[in-house]
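Chemist: Supplied in structure tokens, the structure appears directly below.
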Amino acid sequence: MRQLSAVTVHDLPGPRALPLVGNLPQMLRGGTPHRVLQRWCDRYGPTFRVTFPAGPAVVTADPLIVDTVLRDRPDRFRRGARVTRIIDEAGVHGVFTAEGDEWRRLRRMATRSLNASYVRAYFTTLSRVNQRLEGRWSAAAAGGERIDVLDVMMRYTLDVTVGLTMGHDLNSLEHLDDGLQRRLPGIFPEIGRRLNAPLPYWRLFRMPRDRRLDAIVAELDELVRDRFEHARRRMATGAQPENFLEALVGPVGDEPSFTHEELFGNVLTMMLAGEDTTSSTAAWAIHYLAHDPDAQRRVRAEVDEVVGAGTVGDPETVRRLTYTEAVVLEAMRLRPVAPQLAVEPLQGTLVEGDGLSVAVQAGTPIIALTGYGARDETVFPNPGEFRPQRWLDGSVADRTHAPRFLPFGSGPRFCPGRNLAILEATLIAATTCRDFDIAPDTSAGPVGERAAFTVFPTNLRVTLARRPSDGAS
Ligand code: HEM
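Structure representation (structure tokens):
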């Protein structure tokens, strides 16, 4: 039997905390708290303590503990209550923040909407948005534009998620004017800002930005209502579902039909969960490609071979772009957009790691550093290098469930949008390399990163040059 030394949270090593504010100022300085936690993990070991104004938290990269706390949900551990409360207060209560039986029901709704056969039917939306991306790239190449990659990727994923969730063609890739497409991306940064705010002032009074957030959520509520009526009418004609709402018109199994609140909460959750995450991932993939002309050539050769002169017409074709997909996986390994996940025990419990057992009280946050192990050189040799080939040469044994690569979380609350996200990012990388040479543009300074709700790139610019049409590479 393993010998475990049992400790309390207070016994764990960790950085010295200031009175009242704890370690929060150290974590927030520089806008990249995940990097601070990773550095502390190097210094204090895989399981350590940090202190927030509300009390201590356990931070861990220990694979055993990470596995346990993510797997034993929702019965033993729940999502971090602070994150949940802030998202709910913004009016986005859905599968991400639900717990217990409510979570089970909303999770079934989410997985049903993302079922592989539906994703196939949704591909029309993806193709339409992808064609617009080609147009956007052509104009940028012709004009010698210094492209703000994240901005374009956010428009792309917003158009895809709004199209997929409710069948509404936002077309923010082509419509740069003011409209819902300008207001919608404001939701996530606002939630991120509240997460990092020292005091929850919005519970006492609303500043103009809080009122703007309320107004966007109300506008979306109207839109979902309207689109659901539309979905009901279209499904009554016997048509095949082409978006989440249409897939949810009928009951799921023998459960009662979903209420408007459930539908709204889940549709909005999926939109938000699917947008920032996928846009940052795709932007990082373009960044690494821009710095690696050889990888660009390989993607191009693969697209030429698999797709030829035609257009990509279905998800199966995208899945055959294995090298391109490896580019996306490698970008996610180096730049996971959700490098940590907060959970907490429902009741006091012992969590057992490698040689350590920690007694954790109910409600004490446990921050699982899910991105830490992606740089472990025993699993990923030369971990700092961008080497897509490592995903194809058998050196990473099981690419989905390798315990040290958890960009989509793990256990029963594992991201249900994983396949869709990889599909989108792979399609974007393929579309970009096929017709263009990508070059980095650092004229405005180096590329950086920042954490809000997710971690996103800053100052990520590239230029594109259209390749000669004879296909020479
Ligand atoms: C690269 C893109 C994406 C990344 C890195 C990502 C990552 C994650 C992570 C880390 C979680 C938490 C998992 C856990 O608690 O164990 C999550 C949950 C979730 N994601 Fe994603 N995600 C992405 C794209 C998407 C897309 C495209 C959708 C849907 C359209 C989506 C829908 C969701 C939902 C609904 C949840 C909540 C699941 C639950 O609590 O049961 N995600 N995602």
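Position 469 (the sequence shown) corresponds to 453 in the numbering used here; numbering is contiguous.
Glycine included, C-beta positions come from ideal geometry on N, C-alpha and C.
1. Is it the case that the Cβ atoms of P391 and G355 are separated by a distance below 9 Å?
2. Within a Cβ cutoff of 7 Å, which residues of the same chain sit near H385, ignoring the five residues on either side of it in sequence?
3. Looking at the strands, I want to know which residues DSSP matches up with T44.
4. In this structure, how does DSSP classify P9 when only helix, strand and coil are distinguished?
5. By DSSP, does G249 sit in helix, in strand, or in coil?
6. Go ahead and label L4 buried or exposed: buried means 16 or more other beta carbons lie within 10 angstroms of its beta carbon, across all protein chains shown.
7. What does DSSP give as the partner residue(s) for A269 in the beta ladder?
8. Buried or exposed: M254, going by 16 or more other Cβ atoms within 10 Å of its Cβ?
9. Could you give the distance in angstroms between the alpha-carbon of L353 and the alpha-carbon of R195?
10. Taking just the CA atoms, how far does Q22 sit from R187?
11. Whose C-beta lies closer than 8 Å to the C-beta of V380 among residues of the same chain, with five residues either side of it excluded?
12. Report yes if the CB atom of V342 is closer than 9 Å to the CB atom of I49, and no otherwise.
13. Just to confirm my understanding: we take L444, look at its own chain, exclude 5 residues before and 5 after, and list those with CB closer than 6 Å. What are they?
14. Of all the beta strand (DSSP E) runs that stay within the bounds of the region 370 to 452, which reach a length of 3 or more residues?
15. Is M219 near ligand 1, judged by its Cβ being under 8 Å from some heavy atom?
16. How is D238 classed by DSSP in three states: helix, strand or coil?
17. Determine which residues share a DSSP beta bridge with F189 and list them.
18. Compute every distance between the C-beta of V321 and the non-hydrogen atoms of ligand 1, then say whether any falls below 8 Å.
19. Quick one: measure Cβ to Cβ for G520 and E226, integer angstroms, because I've assumed they're closer than 8 Å.
20. When every heavy atom of ligand 1 is checked, does at least one fall within less than 8 Å of the C-beta of V314?
21. How far does the alpha helix (DSSP H) with A123 in it reach, from first residue to last?
22. Check the C-beta distance from T426 over to L376 and give it rounded, since I have them as a contact under 8 Å.
23. Okay, do the region 90 to 110 and the region 228 to 245 touch, 3+ Cβ pairs below 8 Å being the bar?
24. Counting along the chain, where does the beta strand (DSSP E) carrying L340 start and finish?
25. My assumption, with CB atoms under 8 Å, is that L8 sits in contact with F36. Please give the rounded CB distance.
26. Does the Cβ of G78 lie closer than 8 Å to at least one heavy atom of ligand 1?
27. For the beta strand (DSSP E) containing L164, name the first residue and the last one.
28. Sort out for me which residues DSSP pairs E336 with in a bridge.
29. Would a C-beta distance cut-off of 9 Å place I351 and T44 closer than the cut-off?
30. For the alpha helix (DSSP H) containing L148, name the first residue and the last one.
31. Where DSSP assigns a beta bridge to T(-8), which residues make up the other side?
32. Quick one: what does DSSP say V233 is sitting in, helix, strand or coil?
33. Rounding to the nearest angstrom, what Cα-Cα distance links T491 and V321 in this structure?
34. Just confirm the distance between the C-beta atoms of R63 and V439, as a whole number of angstroms; I'd bet it's less than 8 Å.
35. Does ligand 1 have a heavy atom nearer than 8 Å to the CB of W186?
36. Taking 8 Å as the cut-off, does the region 63 to 75 touch the region 409 to 417 (at least 3 CB pairs, one atom from each stretch)?
Modeler: Judging by the given coordinates:
1. yes
2. Model confidence at H385 stands at a pLDDT of 45, short of 50, so the residue's coordinates are unreliable; what they give is reported in the following sentence. Same-chain partners within the cutoff: there are none.
3. T31, A352
4. helix
5. helix
6. exposed
7. DSSP lists no partner for A269.
8. buried
9. 34 Å
10. 32 Å
11. V363, F364, R374, A386, F389
12. yes
13. V133, L134, A267, H271, V431
14. 420 to 424, 432 to 435, 439 to 442, 445 to 450
15. no
16. coil
17. Paired residues: none, contrary to the question.
18. yes
19. With the chain running from -15 to 457 in the structure shown, residue 520 is simply not present.
20. The amino acid at residue 314 is misidentified as Val; the sequence shows Glu. No; taking the cut-off as 8 Å, the Cβ of E314 has no heavy atom of ligand 1 nearer than that.
21. 107 to 126
22. Actually they do not touch by this definition, with Cβ atoms about 30 Å apart.
23. yes
24. 340 to 344
25. 6 Å
26. yes
27. Segment 164 to 167 is the alpha helix (DSSP H) holding L164; no beta strand (DSSP E) there.
28. S341
29. yes
30. 133 to 150
31. A343
32. coil
33. There is simply no residue 491 to check, as the chain begins at -15 and stops at 457 in what is shown.
34. Going by Cβ atoms, the distance from R63 to V439 rounds to 18 Å, so no, they are not a contact pair.
35. no
36. no
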